[in-house]
Amino acid sequence: MAKDPKAGETAKINHTPPLMEGWMDTPVDIREGIYCYGAKEKNLEAVDMPNARDWNPAEEDWQLPDDWEKVIDDGFRLRLDRFRSFKLFMDICVRCGACADKCHFFIGSGDPKNMPVLRAELIRSVYRKKYTAGGKLFGKLAGARDLTLDVLKEWWYYLYQCTECRRCSLFCPYGIDTAEVTIIGRELTNLIGLNTDWISAPVANCNRTGNHLGIQPHAYKDMMDFFVDEIEDITGIRVEPSFNRKGAEILFITPSGDVFADPGTYTCMGYLMLFHYLQSQGLDITWSTYASEGGNFGYFTSHEMAKRLNAKMYAEAKRLGVKWILGGECGHMWRVLNQYMDTFNGPADFLEEPVSPITGTKFENAKGTKMVHLVEFTADLIKHNKLKLDPSRNDHLKVTFHDSCNPSRGMGFFEEPRYVINAVCNNFYEMPPQTIREQTFCCGSGAGLNAGENMELRMRGGLPRANAVRYVKEKYGVNMLSCICAIDRAVFPTLMDFWVRDVGVTGVHEMVANALVFEGENERTTDLRGEPLAGMEDDDNV
Amino acid sequence: MSIVVSSLAVVLIVLIPWVGVGAFNLQYLFGVVVPYAALATFIIGIVVRVIDWARSPVPFRIPTTAGQQWSLPWVKYSKIDNPKGTGGVIVRMLFEILTFRSLFRNTRLEYRLKGDGAPKIDYEWEKWLWLAALLFHYSFLVIFLRHFRFFVEPIPGFVHLLESLDGFMQMGVLPLNGLGLPGVYLTDMLLMLAVTYLFVRRIYVHQTRYISLPADYFPLFLILALGTTGILMRYFIRVDITAVKELAVGLFKFHPTIPGDIGVIFYIHLFVISVLIAYFPFSKLMHMAGIFLSPTRNLSNNSRMKRHINPWNYPVHYHTYQAYEDEFREAMVEAGLPVEKEPE
Ligand code: SF4
Ligand code: SF4
């Protein structure tokens with residue numbers, strides 16, 4: 001990145017669009033710090049995507065195929081025929097503006113084209129011109145314009161400035177989901193080889209090695225072995241995870257971010273400890289190196305790519321002969337699971353309806369996909385008193401909880417995480433109501449935007465979330481932001497440093513593991529991060 | 543620009559019947575042909591549009607989940623905002639359509655910088671848009687229903703009821719009453735107020751002004767013209783009600799007749815409404831029908847429970863475990879991971 005943004009500067013935002021100049025007359029300005037690098041040739045090629053080449057969005061020539069207009073046109077028509085959502089959302093927006101100030105990117109940037117309605121209008125204007133009589137007849141008067149190269153660039157720029165968080169959809173009187181428009185818009189750009197490399201590289205990796213980071217099986221195992229040693233150092237307990245084990249009852253799939261990036265790694269240690277704890281109560285679970293990714297960057301590419309990557313979960317479950325699948329703390333993984341998986345790759349009739357082997361609870365809400373969320377699994381354990389917990393071990397933390405967009409507005413997962421958090425820690429504080437639950441604000445880096453080169457965009461997009469954290473920090477002294485999404489865990493530390501400072505980031509199962517009391521464990525003086533527990537601060541010096 | 547264009551268009555629409563009836567006596571054209579044509583356009587247009595939407599399938603379940611999902615028995619779930627079955631969806635849609643529930647959530651961004659340069663972001667209470675939209679739609683509905691007293695003979699009971707409820711303001715608050723004019727209808731006032739508010743808001747709020755197209759001002763101006771002519775007719779430039787009724791009943795019964803002298807203002811009113819309904823299917827006004835089909839609102843959130851079929855589903859190629867093991871077999875064996883096929 002050329003220039004690191006500074007918080008004070010970044011906060012000067014003007015939310016008033018220009019008075020005289022219309023948005024159609026304002027050409028796109030592709031600004032450094034706002035966009036991600038273009039998709040690399042090798043990554044597009046690896047998954048047979050069209051127009052693979054190395055290109056740079058900042059350059060004039062994007063090396064598009066000669067027939068790009070036709071490709072987009074055909075693709076557009078096809079999608080109008082395939083998605084009622086898309087067709088309807090092209091037609092019924094009344095431009096009431098209720099969604100305008102709901103997008104974190106607009107709030108953080110003031111760029112009027114980041115108003116969800118306008119983001120969608122960028123595409124609608126072309127739709128009107130191409131496919132409606134009024135648009136063809138009256139052109140600009142009807143809000144219609146041609147798809148020129150500049151307009152295409154504008155599409156790309158703003159489509160990849162949407163984290164597909166659906167916050168706008170919540171407030172729209174017709175439920176118009178700009179995320180759905182961007183998802184399909186991104187599909188269109190992918191038809192001519194326009195994506196960002198922060199999306200196409202994870203896609204290529206995930207396809208080949210099973211996870212976004214391209215971690216090969218032995219390295220994956222190495223990392224786990226490292227966690228096993230760490231856990232032993234802190235607790236004196238040696239956990240024994242198994243991998244690719246046929247005949248296990250449950251397959252566990254989590255985002256690979258948890259395995260390879262702090263602070264997600266602590267959450268991963270949390271999973272390992274919880275599973276070990278439950279082993280004696282009958283939990284028979286295995287990890288997979290082949291299906292070692294919960295997240296799905298295919299979803300930021302096209303429905304087809306999402307389906308391809310998602311297919312591995314069932315394929316692996318079938319190969320291993322497990323009964324059902326348990327999924328870790330992840331954001332868009334759960335949106336894909338909840339809304340698409342069974343349709344994409346079902347029916348999962350080789351699996352059984354999930355039943356907790358410890359409590360006997362039937363997860364009826366998951367009887368189609370046969371996939372249970374780890375947090376609901378744990379909530380059920382706690383409800384049935386199956387875990388011995390000492391929440392005071394989290395007393396050094398004052399915790400708030402970030403509802404990740406996808407499990408919130410794409411699933412409705414609110415109570416379970418709060419139930420678990422309240423059981424494992426004593427100091428929990430909610431952020432203001434207009435920033436949590438279904439109204440939650442995005443981390444600003446979802447949907448494949450968590451790259452380094454677009455740092456300014458990320459900090460801007462994360463501003464509303466950070467601002468709410470700052471509020472509880474100032475009011476209650478909150479020092480820990482918890483979440484159930486690996487992307488959140490990866491991007492929040494930077495965001496907090498930028499806007500708030502001195503607020504850590506944790507997954508829920510890290511706190512569960514801190515509180516979990518094992519038989520025969522060493523007396524714990526630190527948490528999983530090696531930070532002293534409350535009351536233990538001085539022990540080191542004794 | 544948008545405003546100028548759309549207001550000019552509406553002025554033109556008012557002028558056409560004025561000249562047409564006033565100067566050329568084209569009563570039949572504006573009293574019979576145009577309304578029928580408009581109505582036919584309206585009905586056919588809507589049907590075609592809705593069929594067109596409905597032809598595109600809903601491949602995936604994508605409801606916006608605005609509340610707790612149905613999960614464990616002891617977790618309280620949002621039956622309406624995150625329904626798991628059809629019953630909940632119906633209630634959700636009813637709330638959406640009758641009370642504009644999503645719009646009710648609306649907040650307004652308040653962005654300020656504090657002394658130390660740190661931003662202070664608030665989300666203020668903002669119900670005006672919701673209120674205006676609600677008043678506007680309900681007033682329109684009531685006025686529409688009230689008009690049945692012109693179309694149908696005998697006048698249905700509910701119309702009388704509506705009229706008396708609507709007219710409860712006839713207490714002589716307005717001096718007009720003293721002049722022997724009919725009582726003032728509440729909804730007339732509310733409609734005009736709401737439309738004016740919506741218009742002013744569109745210009746006044748920078749963000750909405752920026753996104754507004756001629757297509758947003760045009761229907762507002764049309765409705766304003768419609769309301770104005772209606773009010774003029776009722777309170778100021780009285781027209782012959784019996785004649786109007788004769789025409790309307792005739793239209794309604796498909797026996798159109800043009801009664802004597804009605805007055806140009808009536809034809810203007812009729813033409814404006816004709817334009818409005820003919821324009822309807824080609825415009826954003828179709829949101830009226832569209833809301834029923836919106837997949838983020840009219841679906842239940844049960845796709846983890848129940849399999850839904852994508853009608854255009856096709857098989858895709860994915861990287862198989864075999865291909866994966868072939869590539870990494872040796873490393874896997876070395877790391878102690880099980881393999882299906884031992885390396886040679
Ligand atoms: S809230 Fe809905 S109808 Fe209103 S401008 Fe946004 S997308 Fe359009
Ligand atoms: S989905 Fe989220 S990021 Fe995209 S336009 Fe809507 S609010 Fe903004």
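Residue numbers (our numbering), protein chains in the order written: chain A, 1 to 542; chain B, 543 to 886. Even glycine gets a Cβ: it sits at the ideal position worked out from N, Cα and C.
* To do: Report back the beta-carbon spacing between A:G461 and A:G108 to the nearest angstrom; my notes put them in contact at under 8 angstroms.
  => 5 angstroms
* Asked: What's the gap between the Cα of B:L718 and the Cα of B:R776?
  -> Because the pLDDT at B:L718 is just 48, under 50, the model does not fix this residue reliably, and the value given afterwards should be weighed accordingly. Whole-angstrom Cα-Cα distance: 11 angstroms.
* Mind reading off the beta-carbon distance from B:I639 to B:I833? Whole number of angstroms is fine, and I expect it under 8 angstroms. => Correct: roughly 6 angstroms between the Cβ atoms.
* Can A:F105 be considered in contact with ligand 2, in the sense that its beta carbon sits closer than 7 angstroms to one or more heavy atoms? -> Between ligand 2 and the CB of A:F105, the shortest heavy atom gap is smaller than 7 angstroms.
* To do: Please name the residue or residues paired with B:Y727 in a DSSP beta bridge.
  => According to DSSP, which records beta bridges pairwise, B:Y727 is partnered with nothing at all.
* Can you give the beta carbon distance from A:I192 to A:W55, rounded, assuming they're within the 8 angstroms contact cut? -> Rounded, the Cβ-Cβ distance is 11 angstroms, inconsistent with contact.
* Are the region 169 to 183 of chain A and the region 108 to 121 of chain A touching, with three or more C-beta to C-beta distances below 8 angstroms? -> yes
* Spatial neighbours of A:V505 within its chain, please: CB distance less than 6 angstroms, with the 5 preceding and 5 following residues excluded, ordered by chain position. => P263, L481, R489, F492, P493
* Is it true that the CB of A:A100 sits closer than 8 angstroms to the CB of A:F106? -> yes
* **In chain order, each alpha helix (DSSP H) run of at least 4 residues that lies wholly inside the region 641 to 674 of chain B** => 643 to 646
* Do you know how far the Cα of B:T583 is from the Cα of B:L793? -> Straight-line Cα distance between these residues: approximately 16 angstroms.
* To do: Please decide whether A:R82 counts as near chain B, where near means a Cβ-Cβ distance under 8 angstroms.
  => Using a Cβ-Cβ cut-off of 8 angstroms, A:R82 counts as an interface residue toward chain B, since at least one Cβ of chain B sits closer than that to its own.
* Buried or exposed by the 16-neighbour rule on C-beta atoms within 10 Å, applied to B:N567 -> exposed
* To do: Given a cut-off of 8 angstroms, decide if A:V322 and A:D150 are closer than it, judged by their beta-carbon atoms.
  => no
* To do: Using the Cα positions of B:K618 and B:Y739, report the straight-line distance between them to the nearest angstrom.
  => 40 angstroms
* Asked: Looking at the unbroken alpha helix (DSSP H) that takes in B:I815, where does it start and where does it end?
  -> 806 to 821
* Residues of chain A with a CB under 7 angstroms from the CB of B:Y665: which are they? -> Q434
* **7 angstroms Cβ cut-off: residues of chain A touching B:E876** => H218
* Among the residues of its own chain, which have a CB less than 7 angstroms from the CB of A:A204, if the five just before and after it don't count? -> Cβ neighbours of A:A204 beyond the five flanking positions: N43, A46, V47.
* CB contact below 8 angstroms: A:G143 versus chain B -> yes
* **Where the region 804 to 838 of chain B meets chain A: residues whose CB sits under 7 angstroms from a CB there** => F824, K826, M828, H829, G832, I833, L835, S836, P837, T838
* To do: Determine the direct distance from the alpha carbon of A:W287 to that of A:F252, and round the result to whole angstroms.
  => 5 angstroms
* Asked: Who are the Cβ neighbours of B:P698 in its own chain at under 7 angstroms, not counting the five residues just before and after it?
  -> So the qualifying residues of the chain are F690.
* Asked: Any heavy atom of ligand 2 within a distance shorter than 7 angstroms of the CB on A:A179?
  -> The answer is yes for A:A179.
* Extent of the continuous beta strand (DSSP E) run through A:W287 -> 285 to 287
* Roughly how many angstroms lie between the CA atoms of A:W156 and A:P202, to the nearest whole one? -> 19 angstroms
* Report yes or no: is there a C-beta of chain A within less than 8 angstroms of the C-beta of B:L721? => Here the model assigns B:L721 a pLDDT of 47, short of 50, so the residue's position is not dependable, and the following value carries that caveat. No - not a single Cβ of chain A is within 8 angstroms of the one on B:L721.
* To do: Report buried or exposed for B:V684, applying the criterion of at least 16 other Cβ atoms within 10 angstroms of its Cβ.
  => buried
* Who are the Cβ neighbours of B:L716 in its own chain at under 7 angstroms, not counting the five residues just before and after it? -> With a pLDDT of 49 at B:L716, under the threshold of 50, the predicted position of this residue should be treated as unreliable, and no value is reported.
* Asked: Cβ-heavy atom distance between A:C553 and ligand 1 below 7 angstroms?
  -> Residue 553 of chain A lies beyond the stretch modelled for chain A, which goes from 1 to 542, so this question has no answer here.
* Going by C-alpha distance, which of B:L728, B:A785, B:G659, B:L676 is nearest A:A7? -> B:G659
* Asked: Whose C-alpha, out of A:Q434, A:N406, A:H402, is nearest the C-alpha of A:I421?
  -> A:H402
* To do: Anything in the region 168 to 192 of chain A with a Cβ closer than 8 angstroms to a Cβ of chain B? List those residues in chain order, please.
  => S169, L170, F171, C172, P173, Y174, G175, I176, D177, E180
* Asked: Taking C-beta to C-beta, are A:R84 and B:L841 nearer than 8 angstroms?
  -> no
* Euclidean distance between Cα positions of A:M1 and A:W324 -> Reliability of the predicted coordinates at A:M1 is poor, the pLDDT of 40 falling under 50, and the value obtained from them is presented with this limitation in mind. Near 44 angstroms, if we compare the C-alpha coordinates of A:W324 and A:M1.
* Please list the partners that A:V117 has in chain B, where partner means a Cβ-to-Cβ separation under 8 angstroms. => Neighbours of A:V117 on chain B, chain order: I753.
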